[in-house]
Amino acid sequence: AQSVTQLDSQVPVFEEAPVELRCNYSSSVSVYLFWYVQYPNQGLQLLLKYLSGSTLVKGINGFEAEFNKSQTSFHLRKPSVHISDTAEYFCAVTLSGSARQLTFGSGTQLTVLP
Amino acid sequence: DAGVIQSPRHEVTEMGQEVTLRCKPISGHNSLFWYRQTMMRGLELLIYFNNNVPIDDSGMPEDRFSAKMPNASFSTLKIQPSEPRDSAVYFCASSFYQYEAFFGQGTRLTVV
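In the order they appear, the protein sequences are chains A and B. With the working numbering applied, the first sequence covers 83 to 196. With the working numbering applied, the second sequence covers 168 to 279.
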């Protein structure tokens, strides 16, 4: 079975600073990887996904992530954050192929400070 | 498309009562998932359906929980009888094969 580890439960950062949210996964077979964002009292919204191809994936709101198979990582980055990026971010993995469930990490609360 | 629609958005009920949560997936999606979110346990998959058939219900906490998907456009999650420890936000999500899951706004359940 696959699993996901988000190493940081909380990440405070000042506005306009860069940020990296870390995600490592464990799986013995090929996987698809996702980052979701959850704003307060909202559902989860997809930021970006890696299915195949280029290991650098660009998503919405200026976020990007890089798939590193050798390190089994899929870290999320943004070069300059805004107050509006304050939210909880979840990394998720599913086995590649036909539909099956997403396994989520425990989440990282990003707080952007003025 | 209006996205995944869940109802109700909020539910407050007394311990021992039956609770039914409803979900309308995105049209054309063939997989549906029920998740529960709590501070202590994060996001947990309860059950998922593929083409209306339950594939994995190993996450359902106990027999008090049941889920059905009578057709491609509707699913329910029922808790009977409800207990205070069932208080959580319940999310429904749908997807088309292995592509990303789209989440509803969630139902915040409070059992008093």
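Even for Gly, the Cβ is constructed at its ideal location relative to N, Cα and C.
Chain B contact for residue i (CB, 8 Å cutoff)
i, result
"residue 124/A", "yes"
"residue 116/A", "yes"
"residue 145/A", "no"
"residue 128/A", "yes"
Closer than 8 Å to chain A by CB, residue i
i, result
"residue 184/B", "no"
"residue 276/B", "no"
"residue 232/B", "no"
"residue 268/B", "yes"
"residue 223/B", "yes"
"residue 257/B", "no"
"residue 241/B", "no"
Nearest-angstrom beta carbon gap, residue j and residue i [assumed within contact, 8 Å]
i, j, result
"residue 269/B", "residue 172/B", "The Cβ separation is near 11 Å, so there is no contact."
"residue 195/A", "residue 94/A", "6 Å"
"residue 172/A", "residue 210/B", "7 Å"
"residue 137/A", "residue 148/A", "6 Å"
"residue 128/A", "residue 267/B", "5 Å"
"residue 178/A", "residue 112/A", "4 Å"
"residue 236/B", "residue 263/B", "16 Å between Cβ atoms; not a contact."
"residue 234/B", "residue 225/B", "With 8 Å as the limit, residue 234/B and residue 225/B do not qualify as a contact, their Cβ atoms being about 12 Å apart."
"residue 117/A", "residue 130/A", "5 Å"
"residue 98/A", "residue 163/A", "7 Å"
Bounding residues of the beta strand (DSSP E) (the contiguous stretch that carries residue i)
i, result
"residue 236/B", "232-238"
"residue 190/B", "186-191"
"residue 210/B", "209-217"
"residue 159/A", "155-160"
"residue 94/A", "92-96"
"residue 191/A", "190-195"
"residue 245/B", "241-246"
Reference residue i; option with closest CA among the options
i, options, result
"residue 175/B", "230/B, 186/B and 181/B", "186/B"
"residue 197/B", "177/B, 183/B and 220/B", "220/B"
"residue 169/A", "126/A, 140/A, 141/A and 109/A", "126/A"
"residue 86/A", "104/A, 98/A and 99/A", "104/A"
"residue 143/A", "119/A, 150/A, 155/A and 135/A", "119/A"
"residue 155/A", "99/A, 187/A, 92/A and 192/A", "187/A"
"residue 206/B", "232/B, 256/B, 179/B and 246/B", "256/B"
"residue 107/A", "157/A, 135/A, 100/A and 162/A", "157/A"
"residue 141/A", "134/A, 164/A, 83/A and 159/A", "159/A"
"residue 83/A", "175/A, 98/A and 133/A", "175/A"
"residue 153/A", "133/A, 189/A and 109/A", "109/A"
"residue 227/B", "195/B, 276/B and 201/B", "201/B"
"residue 260/B", "183/B, 279/B, 181/B and 203/B", "203/B"
"residue 183/A", "239/B, 238/B, 191/B and 222/B", "222/B"
"residue 180/B", "273/B, 250/B and 191/B", "250/B"
"residue 213/B", "189/A, 190/A, 191/A and 185/A", "185/A"
Neighbouring residues, chain B, relative to residue i (Cβ below 9 Å)
i, result
"residue 172/A", "209 and 210"
Within chain B, the residues that residue i reaches when beta carbons sit closer than 8 Å
i, result
"residue 134/A", "Simply none; closest approach about 11 Å."
"residue 188/A", "209"
"residue 103/A", "By Cβ distance, chain B contributes nothing, its closest Cβ being about 15 Å from residue 103/A, past 8 Å."
Residue i Cβ short of 7 Å to the ligand COA heavy atom set
i, result
"residue 197/B", "Annotation note on the ligand COA: not contained in the displayed structure, which lists no ligands."
Neighbour list for residue i in chain A, Cβ cutoff strictly below 8 Å
i, result
"residue 271/B", "125"
Within chain B, partners of residue i - CB distance below 7 Å
i, result
"residue 131/A", "267"
"residue 183/A", "200, 212, 215 and 223"
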